[in-house]
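Colleague:
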Amino acid sequence: MSEFKWTNALSVGDESIDHDHQELFALMDELADADLSDSFLLGIIGRLEDYTEYHFTREEEYMKLHDFPDLEEHIEKHKLFVEWLKTVEFTYRRSAESPFQIGDLVNEYLGVWLTDHIMVEDMKYRDFVIEQIRQSKKADLPIKEE
Numbered sequence: 147m148s149e150f151k152w153t154n155a156l157s158v159g160d161e162s163i164d165h166d167h168q169e170l171f172a173l174m175d176e177l178a179d180a181d182l183s184d185s186f187l188l189g190i191i192g193r194l195e196d197y198t199e200y201h202f203t204r205e206e207e208y209m210k211l212h213d214f215p216d217l218e219e220h221i222e223k224h225k226l227f228v229e230w231l232k233t234v235e236f237t238y239r240r241s242a243e244s245p246f247q248i249g250d251l252v253n254e255y256l257g258v259w260l261t262d263h264i265m266v267e268d269m270k271y272r273d274f275v276i277e278q279i280r281q282s283k284k285a286d287l288p289i290k291e292e
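Sequential numbering of the sequence shown, starting at 147, is according to the working numbering.
Here's what the structure looks like:
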């Protein structure tokens, strides 16, 4: 199983959103290190569902606050992830797969998705907000009289 770790390169510049991302990486670590049982795996999936709902809501509110122009596209990506997670849970509850197989699948997909989502999609709103702040500061500079 691949190992995915939080690094400062994944920071979006907002402490609360960065903390949320770190918590998601911590859930992946918990899943990777666990002696999996059905109840443990379903518990982790449930916690992932709850935490992603909480995090996605916070992140979407942050983007709304800053009038991020690609908000709807970003929300769609969040919805697709939530659908994937629900599909995994639904499938697992009805299959004979071992919790180890599903746990590995969830961890691998989540690690790749989360890292890619942060580095590509979340960096779009980070860059947008940074540019807004830069433009705002530029507008506040006094005009030099020659």
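The beta-carbon is built from N, C-alpha and C at its ideal position, and this holds for glycine as well.
(1) Using 8 Å as the Cβ pair cut-off and three pairs as the minimum, do the stretch 222-234 and the stretch 268-281 touch?
(2) Put leucine 173 into one of helix, strand or coil per three-state DSSP.
(3) Out of Asp213, Trp152 and Glu199, point me to the one whose CA is closest to isoleucine 279's CA.
(4) Any idea what DSSP makes of aspartate 181, helix, strand or coil?
(5) Let me know the secondary structure DSSP gives arginine 240 once reduced to three states.
(6) Assign isoleucine 248 to buried or exposed, taking buried as 16 or more other Cβ atoms, counted over all protein chains shown, within 10 Å of its Cβ.
(7) For tyrosine 271, verify whether its CB is less than 7 Å away from any heavy atom of the ligand COA.
(8) Quick one: what's got a C-beta closer than 8 Å to threonine 261's C-beta in the same chain, skipping five residues either side?
(9) The alpha helix (DSSP H) that contains asparagine 253, what's its start and end?
Modeller: Quick look at the numbers:
(1) no
(2) Residue 173 sits at position 27 when you count from the first residue of the sequence shown. It is helical.
(3) Position 133 of the sequence shown holds residue 279. That would be Asp213, whose Cα lies nearest to the Cα of isoleucine 279.
(4) Working through the sequence shown from its first residue, we reach residue 181 at position 35. Coil at aspartate 181, not helix or strand.
(5) Reading the sequence shown from its first residue, position 94 is the one you call residue 240. Residue state, collapsed to three classes: coil.
(6) As a position in the sequence shown, residue 248 is number 102, starting the count at 1. Isoleucine 248 should be labelled buried.
(7) The ligand COA is absent from the structure shown, which contains no ligands of any kind.
(8) For this step, residue 261 is matched to residue 115 along the sequence shown. Phe150 and Leu156, listed in sequence order.
(9) As a first step, residue 253 is located in the sequence shown; it is residue number 107 there, counting from the start. Segment 245-262, the alpha helix (DSSP H) holding asparagine 253.
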